[in-house]
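All remarks here apply to the structure that follows.
Numbering (our numbering), first residue to last: 72 to 381.
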């Protein structure tokens, strides 16, 4: 069972047909609450069945409709350590969805013409993003939300110091030539067309080529460490690092925040980088959230999502 995403939330608002059943409950990973969660869910299923019958559905039809949700009671992957703060289940004719939630909703069962998604709106206010802090001496990748920030390790074959990267790639190039093989970049740096350990007589050209190669192998490591999703990347570093990184990266331009956390990040803690990244991202998030809420319009006030979300 997956954690619900923004895209899935919007899809829920567009799907469902009468009767649509929405069940919410808080869940627990351990302790007495963990043992009570299936019991509470079973009670909510009974409540949903009662409401379906009250709308004119036969008891056997109601139980058939709710059977996919009923089967969750015997699925150990749903409960305990696999759970999060909450769970939401949506059932209508031909449709069944169950999601872990990063929030703890109030336990209740709703039967209506459309799915009841108002309890999920706080999720729209949270976002996942990354911070990549790079200097010539260090590189850090942070995985963040509005309220959390943790360091995400880069692959072990990625050098986070330009001096170390230049030394190793120079040795690789030299050994390749001595062995009769074609020299060049290490195999893990995919598409690094810059020549590592440049032997150009022009010091500035040599420095630029070495920096380009260093940043491309950082970029390769980042793309291997970060799953493909729609989360933005905020860059942190001096402009003489972040600007050539934008030129070197294979990340799509739309996936990198336009604004940058300026200055040498080596003197900035993870927490400070998180705060500065939020200052960059929050204005756009607030604008998007207001747009989402306006799209729901009066349907949200009536506690049912009967309008389409585009």
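Cβ atoms here follow ideal geometry from the backbone N, Cα and C, with glycine treated the same way. None of these values were measured; they are calculated from a predicted model.
Any non-hydrogen atom of the ligand ADP within 7 Å of residue i CB
i	result
residue 282	Of the ligands one can find in the structure shown there are none, so the ligand ADP has no counterpart to examine.
Boundaries of the beta strand (DSSP E) in which residue i is found, first to last residue
i	result
residue 180	179 to 183
residue 157	157 to 163
residue 222	220 to 222
residue 203	200 to 205
Contact set for residue i: own chain, Cβ-Cβ below 7 Å, skip 5 residues either direction
i	result
residue 282	233, 315
residue 126	90, 182
residue 188	80, 83, 84, 376
residue 297	201
residue 78	none
residue 162	92, 136, 137, 139, 140
residue 334	309
residue 208	232, 337
Beta carbon of residue i nearer than 8 Å to that of residue j
i	j	result
residue 319	residue 290	yes
residue 124	residue 225	no
residue 345	residue 239	no
residue 96	residue 148	no
residue 313	residue 306	yes
residue 90	residue 182	yes
residue 88	residue 139	no
residue 133	residue 120	yes
residue 115	residue 168	no
residue 171	residue 301	no
residue 336	residue 204	yes
residue 86	residue 166	yes
residue 92	residue 137	yes
residue 303	residue 326	yes
residue 191	residue 75	yes
Element boundaries [alpha helix (DSSP H), containing residue i]
i	result
residue 213	No alpha helix (DSSP H) contains residue 213, which is instead part of the beta strand (DSSP E) from 210 to 215.
residue 96	Careful: residue 96 lies outside any alpha helix (DSSP H), inside the beta strand (DSSP E) at 91 to 97.
residue 138	130 to 141
residue 77	77 to 85
Backbone secondary structure at residue i - three-state DSSP
i	result
residue 119	helix
residue 175	coil
residue 371	In this predicted model, residue 371 has a pLDDT of only 49, less than 50, meaning its place in the structure is not dependable; the value taken from the coordinates is given anyway. Looking at residue 371 - three-state DSSP - the assignment turns out to be helix.
residue 279	helix
residue 327	strand
residue 74	strand
residue 189	helix
residue 101	coil
residue 169	strand
Close Cβ partners of residue i (< 6 Å) along its chain, the five nearest in sequence each way excluded
i	result
residue 175	97, 156, 157
residue 210	231, 289
residue 285	233, 236
residue 347	332
residue 118	180
Contacts around residue i, its chain only, beta-carbon distance under 8 Å, and the 5 residues preceding and following it disregarded
i	result
residue 357	none
residue 130	120, 124
> Which runs of the alpha helix (DSSP H), 4 residues or longer, sit entirely within the region 295 to 321?
Replying inline: Taken in chain order, the complete alpha helix (DSSP H) segments of 4 or more residues contained in the region 295 to 321 are 310 to 319.
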